[in-house]
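Residues in the sequence shown are numbered consecutively from 1, following the UniProt record's numbering.
The beta carbon of each residue, even a glycine, is placed where N, CA and C say it ideally should be.
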Amino acid sequence: MNNKNNLQTLSKKQIFVLITILSVLILISGYLIYKKQEDTFRSQKYDELHAIADLKQSQIESWLKERIGDAKIISQSTFLISGINNLMQDSINMNIKQGIIDRFQLVQKEMGYKNIFLTHTNGVFLLSVFNNTVEINDFLKRKIVEATTKNEIVLTDFYFDQNKNKINFDIISPIIKNNKAIAILVLRIDPNNFLYPLIQTWPTPSRTAETAILRVENESVVFLNELRHRKNTALKLKISLNRTNVPAVQAALGRRGLFEGIDYRGVKVLSDIRIIPTTNWIMLSKVDESEIYADLNLTALIITGFTFLLIIICGIGLAFIYNSRQKTIYRELYSKEKLLEESKERFNRLVSEMNDIVWTAILEGSKNIDVNDSIEFVLGISKEKFKANPKLWIEMVHPEDRAIAEASNKELFEKGKAQAEYRIVRPDGKVVWLLDHKSLIYDENGKAIQMGGIAKDITQRKLDEEELKESRELLSLAGEIAKVGGWELDLKTNLVRWTLETYRIHELDPTIQPSLEMAINFYTFEARPIIKSVVQKAISKGIPWDLELPLITAKGRNIWVRAMGVPIFQDGKCVRLSGAFQDITERKLSEKIILAQRDLGILLNTITNPLECYRTSFKTLSELSGMDCGMIYLFDKNDNSLDSVYSEGLSDKFVAAASHFEADSPNARLVKIGEPIYLTHNEIPIDLSENEKEEKLKTIAIIPMYYEDNVFGSIYLASKKEIEISNYLRNGIESTVSLIANAIVRIQFEEEIHMHRDNLEKLVEERTAQLAAAKAEAEQANRAKSIFLANMSHEIRTPMNAIIGFSDMLYSSLTDEKNKKRVEAIRSSGKTMLSLINDILDLSKVEAGKLTLAPEPVNVVKLAEEIEVVFLQKISQKHLDFMIETESDIPSLLLLDGLRLRQVLFNLIGNAVKFTEKGHIILILDKKVRGENLIDLIISVEDTGIGIPEDEQKIIFEPFTQQKEQSAKKYGGTGLGLAISKRLIEMMGGEIKLKSEKGKGSTFTIFIPSVQIVEGEPAVTKEKMFDPSQTIFEKGKVLIVDDNKTNRDLLLDLLENSDLQIFQARNGKEGIEIANKELPDVILMDLRMPVMDGIEATRILKSQESTKHIPITCISASSKLMIKDDNGLNLFDDYLLKPVDLSALVDLLKKYLKFTSSDGKVEEEKRQILIELSDEQKKSLLKLKNILTSEFKPRFEEILKSNLINEMEQFGLDLEKLGNEYSFAFLSQYGAEVASQAEMFEIEKLEISFAKFKNILELLEGL
């Protein structure tokens, strides 16, 4: 009362000052409350954005490491390295190439790469998973060279493929053999398939949140991924570094952590900026500030409303005191009721403007309740209706919440105030959440006379809380799926906070509060110093960590974890550590299994002893599973038992007991069901129980071994401690046992083969003696045949020199068509004679095993059509019908020796045309599908000719054999065509069958199995055309020594347009005389001449001091002729094969005479070589030339004299090695060519190739 009287004595000015002071205090209090809420809210949002950025960074780093891990595993594959090495040595072997492509296709489908391809170490494309050519641009070539130089994996970063309008990301890994890159593996990734969606995924619902990956280019920052608010931005959206208020620009300028700025849309955002380790990427995670502060604005509005409400109430109260100060006691008593009404009226005006329901009720009286107009807006009922029936409120309470509302009413009358949250079901069916505050009002005697309250609509708040709860549950679920948890350490309070997933990883009760010491002690003893060190460095130096360490859970289980942590600083001091925690046990186990299986596979491939195989296998399984006891059994079908072949760590008694084969035993179940059996301590069968007690086994695994879907044995693994066998470990054990089973089967087969081999060796010794005599007889016959063929070839080729040479020249000079036809007949006869020689030599090569096939892509249908054109004239002359029947889906290209297949079809169709006088000839092309990219090719030639009697069909394929009734005069032929055709088809792995009936015709059927289907263009052999005008010889002398004037005239005609001075001699004696007189630069010497032959003349010339330096070329019809002098060295400097053509003659003369190329070809070659040489090669050029001149040139000259094939081969190999050492590709290719031709005994090609070394020396000396 005294206080009241004091207030009533205040003046109007004093009251105004008091109102002002109270208002200011209320405003300050409201502002401080708001700032406190703002700081708390901002800190929560910052922490939330930081945690989400941590998660995104972890996801991107994991994705990148997995891709690099893929590259390492693929590039280090023994199979791949071996396959590529073989491909480099045999680049046309399609089987090797297809094997690599098949392996790549498995990887590409399994791991979702856009493309996988191989290149040479210089960037030249080799092959791709889709068997198509991939364009290698300059940027990719530089990366390939970088990977080759460093011998390590290189990333290309994102780049734009202009040709395909796509963004690529390549991982480039060198394929290394003997510490040197032999090829480059490129894994091409389409970021749109996984990475871009991963970057934009946000763990919580958000309208504006997005993540961007950036990099700095020149004076701008480039966005690398597609953005949420703008399309088509990847590698296209660039922002200048001058726009420093943009978070992306701040990131490029080195800013890290949280930053508020204006994004590319001009919108204020809160962003988290950080670097992606091991890349040049900057990750920007951001959210619009309008979204972040939406809830804060609502809070500010509420605080403001309540502040002004309090100010108004204080003002009204003080004003009321001031107005009542002058009243008398009578008027005070009289006006109490009036003041109450006025107060009620003012209260009603106040609360009517509020959105909350404000109500009052007098406890006594009939009309005792009042409520503001908000009840209609909130509850959907009118104020009048509620006043008429106040029980409507409790009746509208949701049935599930009615007990809460009633308990709140009971609490009101017990405690004088109450608060409750419950749901109201409005008449329109809408559910509204209310926060109901109510209290009692007492008189001066402490009697409750009135009650009132405020009911606030909190529906939106409840929805927000539910959404937040779902978001947290979603984030928790994502962490549980990825096995990633979070943690935080407050260094001020030393309080450690774990997420639920972190508790799960540690297998710790979530109700237990962890400490820093407890968290560190979960690591193994060896790992604790490591984690302590990185924590200390993070606190003192601000260094984050990312480690993979072993850990022991609360339940004693050994696992591997990835522990990540970052320090958070304030005012230069570390105040908090936060990070993530991931269970990587399965990944570590998978790596361990892969490495163990790789090493075991290598060992098992070299082991032939069964016991060593068992010991090595068990050791690997023991290390893999942690079970150190066990045994290996092989199943004996004869007596239904398992024979122990190896055991370790178990007693003999237990091993014997474990082999029981009763119906209920594990062994019987194993064989019957064929599935692995894993037993724990409580599941070990009764028949092992006594022995188990002795052995104290607590875990047993029994895995079957299969061969051709049948169980042939089993491997027991056991441990005296309980071991958790996860699905990953089970798969690893079972796949390893499968590897072991294959090795055991292989060793068993090898033992059987060894026994058979011993028996065979005895038979071979007996047979060897019998074969020795037969071999000597066959060799004698073969030598006689070779002498005959060589002589016949020489005798026939010598006159052909004139026939074909002069006919070619005469045909070119004639204009009269009649004479040209006659000359063509001469030339055709000559070529027919050469064809006969070639048939004989081909048969000889086939029988001697010297003929090799050269498979190439061949269009079989086109080949058939070409043959039809060849025989069309003869077919028309004989009025025959010729048809080609082709299956519609014959592949366009097949891998065959097209030249030899054409030769076979020429023989078969030529015979059909020859022996058919009327009727038809049909060429049928058919196939049978054998497998993917393989067919069996079937070609039939059917005619209605004279046919072949059955008794002659068996000998028709023998050499020089013809049908008895075949008239040599009428039909001609040598009887070699079918013999050669049969042997050629057999070399292709096929066969020729004949079906014929005399007088009705014949059908020859060719069957070639497993022909590979290829893609691409058919091989085209371009004939080397020679233009004599391109070579201009300087003045020189050439001596031709030949008794045949025709041959001399031919050589004169070939050289008539040159500036060379030509001398002629009819025999060796004349040749010596002219040589001594004229000293020619080159001598062309025939062998067989009267008076003195070419060999004797050459010996005399080589013995004379004045003429021994003159190069002498032997002109011979034999390609295998090698004439030695008295010292066993090659007598002639060179050889020229008859019939002589202009190109070969000019190539020969270019070796010994000075000349110039009118087209500048030589200079162009030199210029091109110089352009292609690197700086390093140019520096080593002088040293290379010195080596070639001082070491290789003398060897070249000696080999020219000795003509030894093995020395030529070694010469080529040494040149190839030298070219590789100095990185001169053309030199190493030339060396490989010489070595290959020497190894294959290709004499004609070898002579030409070997002689080119002189040209190479001249070319290099001119550089």
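Item: What are the boundary residues of the beta strand (DSSP E) that Phe957 is part of?; Value: Note, Phe957: premise wrong, no beta strand (DSSP E); not H, not E.
Item: Given Ser892, which residues of its chain have a CB within under 8 Å of its CB, disregarding the five upstream and five downstream residues?; Value: Asn859, Val861
Item: Who are Tyr707's beta bridge partners in DSSP?; Value: Asn710
Item: According to the Cβ coordinates, are Ala979 and Gly945 closer than 8 Å?; Value: no
Item: Does the stretch 569 to 583 touch the stretch 704 to 721, meaning 3 or more C-beta pairs lie closer than 8 Å?; Value: no
Item: Taking DSSP as the reference, what is the three-state secondary structure of Ser625?; Value: helix
Item: What does the alpha-carbon distance come out to for the pair Ser1002 and Ile740?; Value: 56 Å
Item: Pop quiz: residue 1316 and Pro514 are said to be a contact at Cβ under 8 Å. What is the actual Cβ separation, rounded to whole angstroms?; Value: Examination of residue 1316 is not possible in this model, given that the chain is present from 1 through 1263 alone.
Item: Given that a residue counts as buried once 16 or more other Cβ atoms are within 10 Å of its Cβ, and exposed if not, what is Ser128?; Value: buried
Item: Going by DSSP in three states, Met396 sits in which element: helix, strand or coil?; Value: helix
Item: What three-state label does DSSP hand Val246 in the structure shown?; Value: coil
Item: Does the Cβ-Cβ distance between Ile213 and Met111 come in under 8 Å?; Value: no
Item: Going by the CB atoms, is the gap between His50 and Asp272 shorter than 8 Å?; Value: yes
Item: Quick check on the DSSP output: the beta strand (DSSP E) that includes Asn372 runs from which residue to which?; Value: Asn372 -> no beta strand (DSSP E), and no H or E assigned at all.
Item: Of the choices Thr201, Thr148, Asn163, whose alpha-carbon is the least far from that of Asn179?; Value: Thr148
Item: May I ask you to report which of helix, strand or coil DSSP gives Met451?; Value: strand
Item: Rounding to the nearest angstrom, what Cα-Cα distance links Glu1258 and Phe1224 in this structure?; Value: 16 Å
Item: Per DSSP, what kind of secondary structure is Gln76 in: helix, strand or coil?; Value: coil
Item: Is the stretch 39 to 50 in contact with the stretch 84 to 93, if contact means three or more CB pairs nearer than 8 Å?; Value: no
Item: Spell out a yes or no on whether the stretch 742 to 759 and the stretch 610 to 620 are touching, meaning 3 or more CB-CB pairs, one atom from each, closer than 8 Å.; Value: yes
Item: Does at least one heavy atom of the ligand FAD sit under 7 Å from the Cβ of Arg576?; Value: As far as ligands go, the structure on display features none, and thus does not contain the ligand FAD.
Item: Taking the continuous alpha helix (DSSP H) assigned at Gly1068, which residues delimit it?; Value: 1068 to 1078
Item: Excluding the 5 residues flanking Ile184 on each side, which residues of the same chain have their C-beta closer than 8 Å to its C-beta?; Value: Leu118, Thr119, His120, Thr121, Gly123, Ile144, Ala147, Thr148, Ile172, Ser173, Pro174, Ile175
Item: With a cut-off of 8 Å on the beta carbons, I'd call Ile938 and Leu923 a contact; round off their distance for me.; Value: Rounded, the Cβ-Cβ distance is 12 Å, inconsistent with contact.
Item: Taking buried to mean at least 16 other C-beta atoms within 10 Å of its own C-beta, is Ile753 buried or exposed?; Value: exposed
Item: Compute the Euclidean distance between the alpha carbons of Asp1093 and Val1146, then round it to the nearest angstrom.; Value: 25 Å
Item: Return the first residue and the last residue of the alpha helix (DSSP H) that residue 1323 is part of.; Value: Outside the displayed range of the chain (1 to 1263) lies residue 1323, so it cannot be described from this structure.
Item: With the cut-off set at 8 Å, would you say Ile715 and Gly630 are in Cβ contact?; Value: yes
Item: Taking all protein chains shown into account, do 16 or more other C-beta atoms lie within 10 angstroms of the C-beta of Gln162, making it buried, or fewer, making it exposed?; Value: exposed
Item: For Val1140, does the three-state DSSP call read helix, strand or coil?; Value: coil
Item: How about Lys177 and Ile81: are their beta carbons less than 8 Å apart?; Value: yes
Item: Between which residues of its own chain and Asp643 is the CB-CB distance below 6 Å, once the five residues before and five after are set aside?; Value: Leu634, Asp636
Item: Would you list the residues sitting across from Phe258 in a DSSP beta bridge?; Value: A small fix is needed here, since residue 258 is Leu in this sequence, not Phe. For Leu258, which the question treats as bridged, DSSP gives the partners Asp272.
Item: Write down every uninterrupted run of the beta strand (DSSP E) in the stretch 96 to 134 whose length is 3 residues or greater and which is fully enclosed by it, in chain order.; Value: 115 to 119, 125 to 128
Item: On the criterion of 16 or more Cβ atoms from any shown chain inside 10 Å, does Glu1164 qualify as buried, or is it exposed?; Value: In this prediction, Glu1164 has a pLDDT of 49, which is less than 50 and means its spatial position is unreliable; what the coordinates show is noted afterwards. Exposed, by the Cβ-count rule.
Item: Assuming Val535 is part of the alpha helix (DSSP H), what are its boundary residues?; Value: 528 to 541
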